[in-house]
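See structure below.
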Amino acid sequence: MGAVCLLLAAVRTVQGCLVIRYRWNLRRQREYVVTSDEIPWSEDRLFLGKGFRWDQRHTQRLHEARLPHNQDLLKPGVVSRIVDLFQSPSTAVVSVGGDPAIHGVEPRESDTWMEIGDRVGHTLVLGTTRVGKTRLAELLITQDIRRGEVVIVFDPKGDLDLLRRVYAEAKRAGRVGQLFMFHLGHPELSARYNPVGNFSRITEVATRIAGQLPSEGQSAAFKEFVWRFVNVMARALVALGRKPDYEQINRYASNVEPLLVDYFEHWFEREPAAAGWREELESMAIDKKSLAKGLQTRGARAVTLVEYARRKKLYDPIAHALASTLNYEKSYFDKLVASLLPLMEKLTTGRTASLLSPVYDDLNDWRPVFDWTSVINLGGIVYVGLDALSDYEVAAAVGNSMFADLTSVAGSLYKFGTGHGLPGEMKSRRIAIHADEFNELIGDEFIPLLNKAGGAGFQVTAYTQTWSDVEARIGSRAKAGQIAGNFNTLIMLRVKEMATAELLTDQLPEVRVVSTVVASSVTDNNDPADFADFSSRNEDRILTESAPMLAPSDLVQLPKGQAFALIHGGLLHKIRMPLPDASHDPMMPESIAAIGRELKSLTGVDIHRKPAAVTEEGKGIGF
413 MGAVCLLLAA VRTVQGCLVI RYRWNLRRQR EYVVTSDEIP WSEDRLFLGK GFRWDQRHTQ
473 RLHEARLPHN QDLLKPGVVS RIVDLFQSPS TAVVSVGGDP AIHGVEPRES DTWMEIGDRV
533 GHTLVLGTTR VGKTRLAELL ITQDIRRGEV VIVFDPKGDL DLLRRVYAEA KRAGRVGQLF
593 MFHLGHPELS ARYNPVGNFS RITEVATRIA GQLPSEGQSA AFKEFVWRFV NVMARALVAL
653 GRKPDYEQIN RYASNVEPLL VDYFEHWFER EPAAAGWREE LESMAIDKKS LAKGLQTRGA
713 RAVTLVEYAR RKKLYDPIAH ALASTLNYEK SYFDKLVASL LPLMEKLTTG RTASLLSPVY
773 DDLNDWRPVF DWTSVINLGG IVYVGLDALS DYEVAAAVGN SMFADLTSVA GSLYKFGTGH
833 GLPGEMKSRR IAIHADEFNE LIGDEFIPLL NKAGGAGFQV TAYTQTWSDV EARIGSRAKA
893 GQIAGNFNTL IMLRVKEMAT AELLTDQLPE VRVVSTVVAS SVTDNNDPAD FADFSSRNED
953 RILTESAPML APSDLVQLPK GQAFALIHGG LLHKIRMPLP DASHDPMMPE SIAAIGRELK
1013 SLTGVDIHRK PAAVTEEGKG IGF
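Numbering (the numbering used here), first residue to last: 413 to 1035.
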């Protein structure tokens, strides 16, 4: 009997320890911090953190933990206070806020992984400020770099810790020679990039520039005119063998006559019917009063060339389009392109101009020039710091142009694959795009990037605070819904907006929650012949009711560094993300100046790159 009692005592002790552990877990939650070397990674999976699959059991447990009579179980007990007294500062509990019971309902957690094949369906990360979005980005970027993927990081606010992490992981993986740093806030250390210099079709130049202009109401007509005007300039520049850039577009938008003169002279030199045109121009007399009103305000050289082509009945589509711009009276023409000039001024003013309109043959400039096709063929890493806190308009314009350029590159990869135009065959590469604060970058060009770029190996991970930010930026609820529908994976940290929380909770089914109802009743007995004066009844009723698997208020109360994730085809997981610790990382640079010095030392003879040859369609063959 003693042995049996000891066995039962042991069973009860184990059960009691499990209950104590469960209660302890409901109220105690530590911050999950790892060093760089401790970050797990795999060739075919993506590590998200420690967690568990959330199902009806956890909804039931959370419901029970929040009942009024169980509130004392969520408060620190005597044992917790005693343990806190003897803990060292290094192991003390870090305040992460929120409700620890949300994760504590499951004492047994394990590593949570996501299949790499699911990433081409794109990933959306939502969370309010200071809850771990950028640190999660560091975790994902670290794994992408170690896997050898092409990594492109867009950082509108220019987070120094994120830049340091990208550099440290590139150095740890032996890929620092493939790293390009583009930073509008530090142009003296930044690589250079021409947003309109590489394209598959010449029309893309006009689309990228005109796409930044307003298109509501009467502005739509001006936008279409600007598109045509920029397209004419781009066609002329490519025909002259020049690579379009913002400075040239700005220069000729203010005065298109020099471009017209250069192109007409270039055309006449190659046109057999215009033989001897120089001598004929010198002897040609023009009465300005007989010309159209628009031509009367133009320069003599431009007017003479246009009139010569008309009298000779010469035709060239580009020359004809350039000549048509002279038919507008100059002051009226300036009004038509008035919306273009402020945008061009923003992109060509100050030190930003040298980054976005690079001089390719400047041998004194050590800063490399990159384009997306070369980066993908190289298997490179690009950090893009847009310094949006200093100049929001320029940051948005550059970011949108880069996304439009990437969409064009995705189309080329669809048609021709990686390494088109280069000798030999290259294996296809995965391109991991991380867009932090992507609501500041998003535009109409972002929609086709999500819709169609997955087949080209693009895997976009977008980070933002609320979904309303996206709707406000895109200006259309329908388009915002179209964008949301293209993110197959959703990771949501703590959010403060109910509409954002419902983006996740509305996708979850309802479950049955069990409740216990205590009922008591007393009935008096007035029969004098009956011995009993009254009868009483006490009962516990077990009821089931329908409840959401997760309520929006649960997402509002999440601790820092924790999230719910819809992965593996819409399955709900609760995860704790590891926050990378850079305090003892020998690879971590001290400052952005140190990164600049290292990158400068790595640039050798390949730094002075020559312009790419321009084909008939205007696409650069390569460096």
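We put the beta carbon where it would ideally sit given N, CA and C, even for glycine. Note that the structure is a prediction, hence the values are computed from the model and not measured.
Looking at C-alpha atoms only, which residue of 422, 520, 440, 441 is the closest neighbour of residue 464? Nearest in C-alpha terms to residue 464, of all of 422, 520, 440, 441, is 520.
So what's residue 871 in DSSP terms, helix, strand or just coil? Residue state, collapsed to three classes: strand.
Member of 856, 784, 889 whose CA lies at the smallest distance from the CA of residue 845: Ranked by Cα distance from residue 845, the first of 856, 784, 889 is 784.
Closest to residue 704 by C-alpha separation, out of 737, 677, 517, would be which residue? By alpha-carbon distance to residue 704, the top candidate from 737, 677, 517 is 737.
Classify residue 611: buried if its beta carbon has 16 or more other beta carbons within 10 angstroms, exposed otherwise. Flag for residue 611 reads buried.
For residue 979, list the residues DSSP reports as bridge partners. Partner(s): 983.
Residue 931 beta carbon less than 9 Å from that of residue 949: Contact: yes.
For residue 787, tell me which candidate among 769, 679, 774, 822 has the shortest Cα-Cα distance. When only C-alpha atoms are compared, the closest one is 822.
On a CA-only basis, which of 423, 839, 446 is nearest residue 994? Give me that one, please. Across the set 423, 839, 446, the C-alpha of 446 shows the shortest separation from the C-alpha of residue 994.
What's the gap between the Cα of residue 901 and the Cα of residue 529? Distance from the CA atom of residue 901 to the CA atom of residue 529, rounded to whole angstroms, is 12 Å.
Taking only the alpha-carbon atoms, compute the straight-line gap between residue 572 and residue 899 and give it to the nearest angstrom. The straight-line gap from Cα to Cα measures roughly 28 Å.
Give the single residue among 865, 744, 586 whose Cα lies nearest to the Cα of residue 1014. The residue with the shortest Cα to Cα distance from residue 1014 is 586.
Compute the distance between the beta-carbons of residue 508 and residue 971, then report whether it is under 9 Å. Taking 9 Å as the Cβ cut-off, residue 508 and residue 971 qualify as a contacting pair.
Mind checking who residue 845 pairs with in its DSSP beta bridge? BP columns for residue 845 point to 564, 872.
Which residues DSSP lists as bridging residue 935, in chain order: DSSP, once it has assigned bridges, lists 947 as partnering residue 935.
On the DSSP bridge assignment, give the partners of residue 992 in chain order. In the DSSP assignment, residue 992 forms a beta bridge with 446.
Within a Cβ cutoff of 6 Å, which residues of the same chain sit near residue 452, ignoring the five residues on either side of it in sequence? Only 459 meet the Cβ criterion.
Note down the Cα distance separating residue 505 from residue 444, rounded to an integer number of angstroms. Any reading at residue 505 must be qualified, since the residue scores a pLDDT of 49, below 50, and its modelled position is unreliable; no value is offered.
Whole runs of the alpha helix (DSSP H) within the region 731 to 771, excluding any shorter than 4 residues: Runs of alpha helix (DSSP H) with 4 or more residues, each lying fully within the region 731 to 771, are found at 742 to 748, 752 to 759, 764 to 768, listed in chain order.
Can you grab the Cα-Cα spacing for the pair residue 864 / residue 668, in whole Å? Cα-Cα distance, rounded: 37 Å.
Cβ-Cβ separation, residue 847 to residue 880 (assumed contact under 8 Å), whole Å: That pair is no contact at about 18 Å.
Under three-state DSSP, which class holds residue 954? DSSP places residue 954 in strand when its eight states are reduced to three.
Cβ separation of residue 673 and residue 726, assumed to be a contact under 8 Å, to the nearest whole Å: Between residue 673 and residue 726, the beta carbon gap of about 16 Å keeps them out of contact (Cβ cut-off 8 Å).
Give the straight-line distance between the Cα atoms of residue 818 and residue 966, rounded to the nearest whole angstrom. Their Cα atoms are separated by approximately 37 Å.
Would you call the region 591 to 606 in contact with the region 762 to 780, where contact means no fewer than 3 C-beta pairs closer than 8 Å? By the Cβ rule, the region 591 to 606 counts as touching the region 762 to 780, because three or more pairs are nearer than 8 Å.
Tell me the rounded alpha-carbon separation between residue 837 and residue 594. C-alpha separation (whole angstroms): 29 Å.
contact_flag[the region 512 to 527, the region 974 to 990] where n(CB pairs < 8 Å) is 3 or more: Yes, they touch.
With DSSP collapsed to three states, give me the class of residue 593. The answer is strand: DSSP assigns residue 593 an E or B state.
Taking the beta strand (DSSP E) that residue 793 belongs to, which residues open and close that run? 793 to 797 is the extent of the beta strand (DSSP E) around residue 793.
By Cβ distance below 7 Å, which residues in the same chain neighbour residue 862 in space, the five residues on each side in sequence not counted? Excluding sequence neighbours, residue 862 sits near 534, 872, 895, 898.
Apart from the five residues just before and just after residue 764, which ones in its own chain have a Cβ nearer than 7 Å to its Cβ? Answer for residue 764: 596, 599, 806, listed in chain order.
Presumed contact (8 Å Cβ cut-off) between residue 815 and residue 853, rounded CB distance: Residue 815 to residue 853, Cβ: 7 Å. Contact.
Any idea what DSSP makes of residue 413, helix, strand or coil? DSSP, read as helix, strand or coil, puts residue 413 in coil.
By the 10 Å Cβ neighbour count, where 16 or more other Cβ atoms means buried, how is residue 403 classified, buried or exposed? No statement about residue 403 is possible, as the shown extent of the chain runs from 413 to 1035 and does not include it.
How big is the Cα-Cα spacing for residue 502 and residue 442? Unreliable placement is indicated for residue 502, whose pLDDT of 46 sits below 50; the coordinate value is still reported in the next sentence. Our two residues, residue 502 and residue 442, have alpha carbons roughly 12 Å apart in a direct line.
Please state whether DSSP places residue 432 in a helix, a strand or coil. Assignment of residue 432 by DSSP, reduced to helix, strand and coil, places it in the helix class.
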